[in-house]
Amino acid sequence: MVDQIPNLGRESEMLGALGLSSMDELFANIPEEVRRDEPLPLPQPQSEEQILEDARRLLGVNVHLDSRPSFISAGLARNFVPTMVPMLATRGEFLTSYTPYQPEVSQGMLQAMWEFQTMVSELVGLPISNVSMYDASTSAAEAITCAVRVKSKKASQPSSVYISELVPPHRMSVIENYAQGVGIDLHTLPHNEDGTLDLEAAASATGSCAVYVEQPNALGLLDEGLMDLREAIGGSTALIVGVDAVSLGIIEPPGSWGADIVVGEGQPFGIGPTAGGPIYGLFACSKEFLRLMPGRIVGQSIDSEGQTAYTLTLSTREQHIRRHRATSNICSNETLIALMGAMHMALLGPEGLEKLATRVHSSTIATLGAVTSVPGVELVNPEGCFFREFAVRIPGSAKEALESMDSAGVLGGFDLGNWWEEMSDCLLIGCDEGTTEADISALTDALGNWIGGASR
Amino acid sequence: MSTVFDFRGAPGTGWSQPEPISTPSDTIPERLRRRHLPHWPRASEPELVRHYTGLSQKTFGIDTGFYPLGSCTMKHNPRVNERIALMPGIDRIHPLQEDSQVQGLLSIFYEMQEMLAICSGMDAVTLQPVAGAQGEFTAIRCIQEYHRSNGESHRDKVIVPDSAHGTNPASASMCGYQVVEIPSASDGRLDIEALKAAVGPDTAAMMITNPSTLGLFETNIVEASRIVHEAGGQMYYDGANFNAIIGKTDPGRMGFDAVHYNLHKTFSQPHGGGGPGSGPIGVKGHLSQFLPTPVASRRESVEGDSTGVEDGYWYFWADVGERSIGKVQQWNGNAGAVVRAWAFYRRYGRELERMSEYAVLNSNYLRNRIMNPNPDVAAKIHCMPAEGAQADLVMHEFTLSMSPVKELNGVTGKDVAKRLLDYGYMSPTLYFPQIVPECLMIEPTETESKEVLDKFAADFHAILSEDPEIVTSAPHTTPVKRVDEVWAARKLILRHPITDSED
């Protein structure tokens, strides 16, 4: 028997009020030719207890990241989320509210989002933030289409956008899907041997609508040269930078070195990796992009008695008002996850953020040192400075190494051959605040054993 | 008003963390190092718990009261779903883990794909799009690649009725299509003659929701599908109103080629103040090769497979192939929302149609209650609203026009909406669809009781009987009075100034 329906068993009385005698009569307007007469071929309804039992059984089969030494990151973080965050964010009023179209009864969520905008703005060094995109990939994609809307009229390369060749293919694919309809030509920016962006080649982006780079890049490399990118491309091209949000606890934010739009995965603040979603994309920009940016924005206002209040603002950019001329089709976003992010950021505070970033960096350096001392392992960019991740070349197939490490109970990283075929002998090793010395030993033992075995 | 930035504890004394595992040798070049930390609050857990509890108390959710927000399907969100979503087998999973490590998750994805295909009459489903609007975008991209693969790139127009959700034209436009908006017929339904006039060799697709945003079933939908298909176009079903029809009919029977579902509407993923959502799409066979990649698949178990969910199958992420549009979200969608929706669907199973039955019953019952006040109540009402559309029966939602009231005493739809807040309700959807003047769009959902509906109708009548002055100056009892949206748009105070910081 189903539950969740208060009027179950009381339908006759209600139908009677309508002058009807059966539920079927309610559907009289559905023409016979499209009616479904047979029941849905689905299982019997379950009770909460049975559902929970099945959920435990099925999800219990999955190997979760905290159950073993895990070194997979690739753009997401195996973070620690403070207990307060899910407990407070899932209070029913937050959890079950809709988009705050009625500000008078939504002041709490609106204020929390306005505070979120402020914290993101402070984090990345730009004045404006929206209340979230779906994830880092759609943030990057919509930053690019936004930049084209703002810049194309005055650009000498009016439909061109230049993107670092190290943006991984799954993220590029999202960008391509969003860019193709607007008629944007995507060009690639090459890198030097040492993994840094080729600034001379980047000069070719001068006069284009936008440049998109990531700091650190997909191989975890922090590229000091990016701080000279603004000079290389000139003042008229939008500079869009994708960030590891946690790194900004120790790294100068892109807003301070000329970025116009900063995007990134908000996930490290607020929620676990959650098999890839729901997470949230950060989107922050300078004033020039405000009126053509995607997503919802909260502004401070006053009520009819002059008290401070908050409300959604600049809605005339959005699809429900502007329809096919909207700056984006985004409607549902990731507000609840952004709320979790805001709570996590507020708990950390400035010094807590710095410490978190230092912990991740320290884990990275310690892991890198241990892994590269395993005979046969070479750092892909030996001169580099890394945050959270680094790539190593190993003597053999990364896929096989990962399988071997898996059977030894270690999630040893990500096979870069999945992204770039020529890197099928490379592992992307991700670290985080939870990485321990014991984890690192387990990783180096498992990798060392595989290399030893493979070479025998 | 206090904000989180008013917390100014001593530096570094808030929430504590373990020390770094080793003292980092200073490898970050000086120039890359952050010079000034962000001006985030310095708060302790006890302070923040109180801060956010206070904010939640100034937020209205379904848990607070009746939320008849049309088109948004604000049904109760069962709490066991939240419990499940926090299990480490979903919360602590990385989307790039090997198939062998996520057999349970893959089996849930597979089951959801199958269930959604069955309920919609489609052949293939992807769970990758993370919101309804992204589902629309994804499906239109698939249709676009389908036309291109047939050498029909010249099809550059997408038809939408003027009652469509704003996301429909916005999504088509983002794919590069021109949008052709066709007017509704005088009864609020699709105008077949207007459709005939709009289709042609340049038609790529038609996007439509059924029932429409007026809550009316489009009785001539099969003919509409025939007209669009004869012109070589594809039919796209906006699943926003799927809660009205499950088990009673399906988009496949109506002739649609593609559909999106809103797991956050129909399948109770909580709306969370605006998201997350989840917007899977289903397609007919001829479009399946264009779906985003990968999709969950399975084969029969063979010897040598490691232990899975022990149902005789091995589950895996299957690459859709070279004609796939690729990715619309870089991972595999909002898996947490998929798992919640799975837990919700399991409560109903083959009885999913009960959900639609009681949603439609509640909608018709409430409409009847509102439009037929008792004579003694009617005598006190200054003016009744008009029906948004003339119909004996509606589906899961209905529209009212406050135009007669506005003409009589100046009380607008917005005024009534604001006054409803004083009575402890969320406002209905306001001024949408735009074809109904002074529109209130009301969707009660199946999770409201008869008593709630009776009380709402009585309170609605009370508002219509009140001194117009009280209504036009509403709300009176909310945490703030009517908020000045023009002021906000003019001043654009989009963040806290944090000017008086000590550092």
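Protein sequence lines correspond, in order, to chains A and B. Everything in the first sequence is counted per my numbering, starting at 1 for the first residue and increasing by one. Everything in the second sequence is counted per my numbering, starting at 1001 for the first residue and increasing by one. Here a beta-carbon is modelled for each residue, glycine too, at the ideal position from N, C-alpha and C.
A distance of 8 Å or more separates the beta carbons of THR83 of chain A and GLY1272 of chain B. The C-beta separation of CYS426 of chain A from ARG393 of chain A comes to about 5 Å, placing the pair in contact by the 8 Å criterion. Taking 7 Å as the Cβ-Cβ cut-off, the stretch 289-319 of chain A approaches chain B at ARG296, ILE297, GLY299, GLN300, SER301, ILE302, ASP303, SER304, GLU305, GLN307, THR308, ALA309, THR311, THR313, LEU314, GLN319, given in chain order. A Cβ of chain B is located within less than 8 Å of the beta carbon of GLY92 of chain A. Between the stretch 202-213 of chain A and the stretch 1342-1358 of chain B, the count of Cβ pairs shorter than 8 Å is below three; the stretches do not touch. In the three-state reduction of the DSSP assignment, MET293 of chain A falls in the coil class, being assigned neither a helical nor a strand state.
Taking each of B:PHE1456, B:LEU1105, B:ILE1108, B:SER1044 in turn and checking the Cα distance to TYR1423 of chain B, the smallest one comes out for B:PHE1456. The C-beta distance from MET1402 of chain B to LEU1366 of chain B rounds to 16 Å, too long to meet the 8 Å contact threshold. Judged by DSSP in its simplified three-state form, THR1059 of chain B adopts coil rather than helix or strand. Positions of the beta strand (DSSP E) runs, each at least 3 residues long and wholly inside the stretch 334-402 of chain A, are given as 389-393 in order along the chain. Sequence-ordered contacts of the stretch 1062-1076 of chain B with chain A read ILE1062, ASP1063, THR1064, TYR1067, LEU1069, CYS1072, MET1074, LYS1075, HIS1076 [C-beta pairs closer than 9 Å]. Listed in chain order, the non-local C-beta contacts of GLY1233 of chain B below 8 Å within the same chain comprise ARG1155, ILE1159, VAL1199, THR1203, ALA1204, ALA1205, MET1206, local neighbours out to five positions each way being set aside. By the rule that beta-carbons nearer than 8 Å mark a contact, MET119 of chain A touches chain B. Unbroken beta strand (DSSP E) runs of no fewer than 3 residues, entirely contained in the stretch 1197-1222 of chain B, are found at 1203-1208, following chain order. Between VAL1004 of chain B and GLN111 of chain A, the alpha-carbon positions lie close to 9 Å from each other. If you look at ARG1253 of chain B, you'll find it in the alpha helix (DSSP H) that goes 1251-1254. With a cutoff of 8 Å on beta-carbon distance, CYS385 of chain A and ILE1028 of chain B are scored as near each other.
A residue is called buried once 16 or more other Cβ atoms fall within 10 Å of its Cβ, and VAL1302 of chain B, having fewer, is exposed. For ARG1189 of chain B, the number of other beta carbons within 10 angstroms of its own is at least 16, and it is reported as buried.
Pairing PRO1475 of chain B with LEU1421 of chain B gives a Cβ-Cβ distance under 8 Å. The stretch 252-269 of chain A makes contact with the stretch 130-149 of chain A, as at least three CB pairs between them are under 8 Å. The beta-carbon of ASN333 of chain A is placed less than 8 Å from the nearest beta-carbon of chain B. Considered as a whole, the stretch 1385-1469 of chain B harbours 1398-1401, 1439-1442 as its complete beta strand (DSSP E) runs of no fewer than 3 residues, in chain order. Under the Cβ distance rule, VAL1480 of chain B counts among the residues neighbouring chain A, one pair being separated by less than 8 Å. Counting along the chain, ARG317 of chain A sits inside no alpha helix (DSSP H), nor does DSSP assign it H or E at all. Two segments are said to touch when three or more pairs of C-beta atoms, one from each, lie closer than 8 Å; by this definition the stretch 289-309 of chain A touches the stretch 1482-1494 of chain B. When secondary structure is reduced to three states using DSSP, TRP1487 of chain B falls in the helix class. Taking a beta-carbon distance threshold of 8 Å, ALA1378 of chain B does not count as an interface residue toward chain A.
Residues of the same chain with a CB within less than 8 Å of the CB of PRO1276 of chain B, apart from the 5 flanking positions on each side, are VAL1130, ALA1131, HIS1264, GLN1269, ASN1334, GLY1336, ALA1337 in chain order. Contact of THR1472 of chain B with chain A is not assigned, every C-beta pair being separated by 8 Å or more.
Counting the other Cβ atoms within 10 Å of the Cβ of GLN1390 of chain B gives fewer than 16, which makes it exposed. A Cβ-Cβ contact shorter than 8 Å links LEU1105 of chain B with ILE1090 of chain B.
CA-to-CA, the gap between PHE1109 of chain B and GLY60 of chain A works out to about 15 Å. Per DSSP, GLU49 of chain A lies in no beta strand (DSSP E) segment; the continuous alpha helix (DSSP H) that holds it begins and ends at 48-61. Within the stretch 341-360 of chain A, those residues whose Cβ lies closer than 7 Å to any Cβ of chain B are, in chain order, MET343, MET345, ALA346, LEU347, LEU348, GLY349, PRO350, GLU351, GLY352, LEU353, GLU354, LYS355, LEU356, THR358, ARG359.
As DSSP reads the structure, GLU1300 of chain B sits in a beta bridge with B:TYR1313.
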